[in-house]
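The structure under discussion appears below in the form of structure tokens.
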Amino acid sequence: MTTTTMRAKVQIGRDLTVARIGYGAMRLSDQDVWRGPVDRAAAITLLRGAADRGVELFDTADSYALGDNEELLGEAFGGRDDITIVTKAGVSRPGPTLEEWIPLGRPEYLKQQAELSLRRLRMERLPLFLLHRVDPTVPLAEQIGALKELQEAGKVGQVGLSQVTVEQIEEAMRITEITAVQNLFNLSTRDDNDVVDFCESAGIAFMPFFPIAVGELAKRNGALAVVADEVGATPAQVSLAWLLHRSPVIAPIPGTSSVAHLEENLAAAEIHLSDEQLVRLVEDA
């Protein structure tokens with residue numbers, strides 16, 4: 137676990153450097169991630185406000201609100217080159233329920249979705265394109281091969297993966313350079329410690345989704361609440377600060393539809409935790 141002074145930036149591949157706390161735009165969709173925001177103007181204002189406050193990394197996917205989430209980012213940032221938008225493909229959405237996020241990694245589908253993402257985001261090239269989920273019915277080499285072909289065609293800059301194991305990352309790396317990984321990871325869900333460690337050793341940016349998961353951890357007199365009091369922060373801020381201390385390659389992508397919560401999240405980058413506090417947080421989680 138890294139406990140020295142935290143880096144303010146994270147490197148993604150050779151040509152992208154971004155502030156370590158990004159923004160997950162999925163939260164601008166409805167609860168089922170099926171429809172876009174009711175107040176579109178407010179959502180665009182929040183996105184632009186995030187960029188004005190120093191956010192340089194914005195995460196979305198073709199499946200979020202069936203492409204509306206990408207369109208929202210395109211409206212907010214079309215033509216800007218001072219931010220990095222990460223998008224993903226490889227999941228179909230035949231319906232709004234959680235059970236209806238179905239992996240679909242056929243090469244022709246991934247290429248089609250990249251074309252649609254380019255249009256919705258108003259880009260000529262996707263700076264970072266991730267395989268959203270590995271399709272077990274299609275050889276991984278074919279799925280990554282499709283992304284590599286998009287790279288070679290100049291439509292994708294860098295390639296990443298989501299919801300993967302170390303073994304899958306290694307297999308993908310034999311086909312093309314992998315510069316980013318997104319997995320579920322937070323203070324209370326650390327099953328992918330091995331993935332984080334591998335990414336750090338390989339110089340791959342790790343973007344944990346659902347980075348704030350306090351729940352029972354924030355119980356009165358629990359370590360998270362106590363440490364939050366000690367450093368004058370909220371439990372949510374400490375949970376983000378813990379991630380920033382966990383590894384220098386971690387770039388959390390918390391999402392919110394609230395300006396107040398956005399500012400609270402960004403302030404977590406200024407929180408420094410002692411070795412003893414870090415130990416207490418992990419032992420109590």
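Just add 136 to the spot in the sequence shown (first one is 1) and you have my numbering.
All residues carry an ideal CB built from backbone N, CA and C; glycine is no exception.
Query: Entirely enclosed beta strand (DSSP E) segments - the region 252 to 276, minimum 3 residues; Result: 262 to 267
Query: Same chain, Cβ closer than 7 Å to ARG216, neighbours up to 5 away in sequence not counted; Result: none
Query: Reduced DSSP category for ILE305 - H, G, I as helix; E, B as strand; rest coil; Result: helix
Query: Contact check, ASP198 vs LEU252, beta carbons under 8 Å; Result: yes
Query: Residues bridged to PRO239 (per DSSP); Result: VAL227
Query: Own chain, CB closer than 8 Å to ASP204, minus 5 neighbours either side, in chain order; Result: SER165, ARG171 and GLY172
Query: Beta-bridge pairing of GLN318 - partner residues as DSSP gives them; Result: SER298
Query: N-terminal and C-terminal residue of the alpha helix (DSSP H) that GLN452 is part of; Result: Because the chain spans 137 through 421 in this model, residue 452 falls outside it and cannot be assessed.
Query: Boundaries (first-last residue) of the beta strand (DSSP E) holding ASP195; Result: 193 to 195
Query: Collapsed DSSP secondary structure at ARG416 in the structure displayed; Result: helix
Query: THR301 to ALA177 span [Cα, whole Å]; Result: 39 Å
Query: THR181 (DSSP reduced to helix, strand or coil); Result: helix
Query: Three-state secondary structure (DSSP) of GLN147; Result: strand
Query: Strand pairing of TYR159, partner residues [DSSP]; Result: PHE194
Query: Inter-residue Cα distance where the pair is GLU410 and MET259; Result: Sequence inspection shows Ser at residue 410; the Glu mentioned does not correspond to that position. Distance between the alpha carbons of SER410 and MET259: 43 Å.
Query: Inter-stretch contact (C-beta, 8 Å, three-pair minimum) for the region 181 to 194 and the region 229 to 248; Result: no
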